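In what follows, a single structure is set out as structure tokens and then discussed.
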Amino acid sequence: MPEIENFSGVIAVTRGGHPVATTTRGPWTSATPFQIASVSKNFTATLALMLVEDGVLDLHEPLTRWLPEAQPSVSLHHILSNTSGIGHWQDVPGMDPKTPATRDERLALVVRAPLLSAPGKEFHYSSPAFLLAGVVAERAAGRPYTELLVEKILKPLGLAATGSGVAPLGVAPGHHQGTPVAPWDLRSMIGSGDMFSTAADLVAYAHAVRDGSLVSPASLALMRTPHVAFPEPDRSPDGRLEIVGYGYGHYVGTFDGRPAVLHTGDNPGYKSLVGWFPDDVVIVALSNDDAVRWEDALAQVLT
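Quick note, in UniProt numbering, the sequence shown goes up one by one and the last residue is 303.
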């Protein structure tokens with residue numbers, strides 16, 4: 001593969017469930033753990049839909065059933081589709097993700113934050129909102145979020161190198177253009193960007209999502225439906241990839257005019273991506289340098 005600027009990490013490609021290529025740069029392998037940033041939201045959405053199928057959660061009832069302090073007009077559907085009206089980090093008064101805080105302190109800031117728009121009306125990407133999804137899952141199921149992840153997803157799939165909160169031994173240290181970066185401690189922000197994983201584990205997870213091992217075809221279709229379309233598609237520089245909206249934990253669009261879905265992640269020191277492309281191609285990309293542009297990598301990998 002030609003040089004990808006600022007890339008340090010692992011890119012794994014499969015087709016039809018079979019390995020096609022694995023590219024590594026730096027002293028990393030498919031077994032090296034990275035912070036996966038907002039790819040965590042895909043796990044959150046999958047877990048939420050599993051609990052919906054179990055009858056534990058309802059996509060459309062107000063969050064106030066489990067979170068009385070929440071806005072009464074906000075539902076799990078709004079949270080998972082980024083249409084809750086809750087803004088991103090900078091839109092929540094008092095929220096500073098680089099400053100350590102407890103779960104309750106973070107939660108109080110999010111539920112008090114003024115909405116940027118009425119729920120269901122507009123797309124506002126929001127990591128803080130996904131904290132609410134994690135807390136609601138905990139309260140509805142009566143078990144900690146990390147235990148739910150293990151019970152419902154990680155243990156059944158054998159994802160022993162994947163987890164939430166505490167950084168595992170051997171994690172690739174984060175950088176920006178080669179300079180070390182202090183990572184955020186997101187243990188108190190379950191559901192948003194709190195997970196660590198390896199390329200090998202993420203490939204197994206991506207295949208399980210695609211194959212129906214975790215959620216039903218009907219639930220997967222809901223997760224990959226753009227619930228609010230973007231005003232203008234977000235296109236890659238070469239125009240081949242076009243993102244038109246957001247489902248539940250999935251960006252939804254096309255590649256060369258054919259359906260494609262993905263999620264990216266961007267935390268200080270780290271970039272991540274998991275994507276499902278035409279011809280049954282799955283791509284997992286993890287970098288411990290946040291200056292990498294996945295558009296450059298995708299253009300080369302998908303060619």
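Even for Gly, the Cβ is constructed at its ideal location relative to N, Cα and C.
Keep in mind it's a predicted model, so treat the numbers as computed, not measured.
Have a look at residue 234 and residue 243 and give me their C-alpha separation to the nearest angstrom.
-> Residue numbering aside, residue 234 sits at position 234 when the sequence shown is read from its first letter. Residue numbering aside, residue 243 sits at position 243 when the sequence shown is read from its first letter. Just so you know, the alpha carbons of residue 234 and residue 243 end up roughly 5 Å apart.
Same chain, Cβ closer than 6 Å to residue 266, neighbours up to 5 away in sequence not counted | For this step, residue 266 is matched to residue 266 along the sequence shown. Only 37 meet the Cβ criterion.
Helix, strand or coil: which one does DSSP assign to residue 121?
-> Within the sequence shown, residue 121 is the residue found at index 121, counting from 1. DSSP, reduced to helix, strand and coil, places residue 121 outside both helices and strands of the structure shown, so it counts as coil.
Between the C-alpha atoms of residue 82 and residue 119, what's the straight-line distance to the nearest angstrom?
-> Within the sequence shown, numbered from 1, the residue matching residue 82 stands at position 82. Within the sequence shown, numbered from 1, the residue matching residue 119 stands at position 119. Computed Cα separation, rounded: 9 Å.
Okay, do the stretch 77-91 and the stretch 111-129 touch, 3+ Cβ pairs below 8 Å being the bar?
-> yes
For residue 15, does the count of other Cβ atoms within 10 angstroms reach 16, so buried, or fall short, so exposed?
-> Locating residue 15 in the sequence shown gives position 15, where the first residue counts as 1. Per the 10 Å Cβ criterion, exposed.
Starting from residue 271, follow the beta strand (DSSP E) in both directions and report where the run begins and ends.
-> Here residue 271 refers to the residue found at position 271 when the sequence shown is read from its first residue. Unbroken beta strand (DSSP E) run through residue 271: 270-277.
Do the stretch 136-149 and the stretch 91-98 meet, that is, are 3 or more Cβ pairs less than 8 Å apart?
-> no
Cβ-Cβ distance between residue 194 and residue 164 below 7 Å = For this step, residue 194 is matched to residue 194 along the sequence shown. For this step, residue 164 is matched to residue 164 along the sequence shown. Against a cut-off of 7 Å, the Cβ pair of residue 164 and residue 194 comes out as a contact.
Put residue 217 into one of helix, strand or coil per three-state DSSP.
-> Here residue 217 refers to the residue found at position 217 when the sequence shown is read from its first residue. Residue 217 falls in the helix class under three-state DSSP.
Assigned secondary structure, residue 309 (DSSP; H/G/I helix, E/B strand, else coil) = Look at the range of the chain in this structure, 1 to 303, and you will see that residue 309 is not part of it.
Cβ distance (whole Å) where residue 202 is taken to contact residue 274 below 8 Å | Walking along the sequence shown from the start, residue 202 turns up at place 202. Walking along the sequence shown from the start, residue 274 turns up at place 274. With 8 Å as the limit, residue 202 and residue 274 qualify as a contact, their Cβ atoms being about 6 Å apart.
Are residue 199 and residue 74 close, meaning C-beta to C-beta below 7 Å?
-> Sequence index remark: in the sequence shown, residue 199 carries index 199 (1-based). Sequence index remark: in the sequence shown, residue 74 carries index 74 (1-based). No, these two residues do not count as a Cβ contact at 7 Å.
From which residue to which residue does the beta strand (DSSP E) around residue 50 run?
-> The sequence position of residue 50 within the sequence shown is 50, counting from 1. Note, residue 50: premise wrong, no beta strand (DSSP E); alpha helix (DSSP H) at 40-53.
Give a yes or no on whether the C-beta atoms belonging to residue 223 and residue 152 are separated by under 7 Å.
-> By one-based count along the sequence shown, residue 223 stands at place 223. By one-based count along the sequence shown, residue 152 stands at place 152. No, these two residues do not count as a Cβ contact at 7 Å.
Go ahead and pull the three-state DSSP assignment for residue 61.
-> Translated into the one-based positions of the sequence shown, residue 61 becomes position 61. Coil at residue 61, not helix or strand.
Give me whichever residues DSSP pairs with residue 15 in a beta bridge.
-> Locating residue 15 in the sequence shown gives position 15, where the first residue counts as 1. BP columns for residue 15 point to 18 and 281.
Given 8 Å, three or more beta-carbon pairs between the stretch 163-179 and the stretch 17-33 = yes
Name the DSSP beta bridge partners of residue 190, please?
-> The sequence position of residue 190 within the sequence shown is 190, counting from 1. In DSSP, residue 190 forms no bridge with anything.
Is residue 264 helix, strand or coil when you go by DSSP?
-> Indexing the sequence shown from 1 puts residue 264 at position 264. Residue state, collapsed to three classes: strand.
Which value, in whole angstroms, describes the spacing of the CA atoms of residue 263 and residue 113?
-> Here residue 263 refers to the residue found at position 263 when the sequence shown is read from its first residue. Here residue 113 refers to the residue found at position 113 when the sequence shown is read from its first residue. Near 25 Å, if we compare the C-alpha coordinates of residue 113 and residue 263.
Are the CB atoms of residue 297 and residue 4 nearer to each other than 7 Å?
-> One-based indexing of the sequence shown puts residue 297 at position 297. One-based indexing of the sequence shown puts residue 4 at position 4. Going by C-beta atoms, residue 297 is nearer than 7 Å to residue 4.
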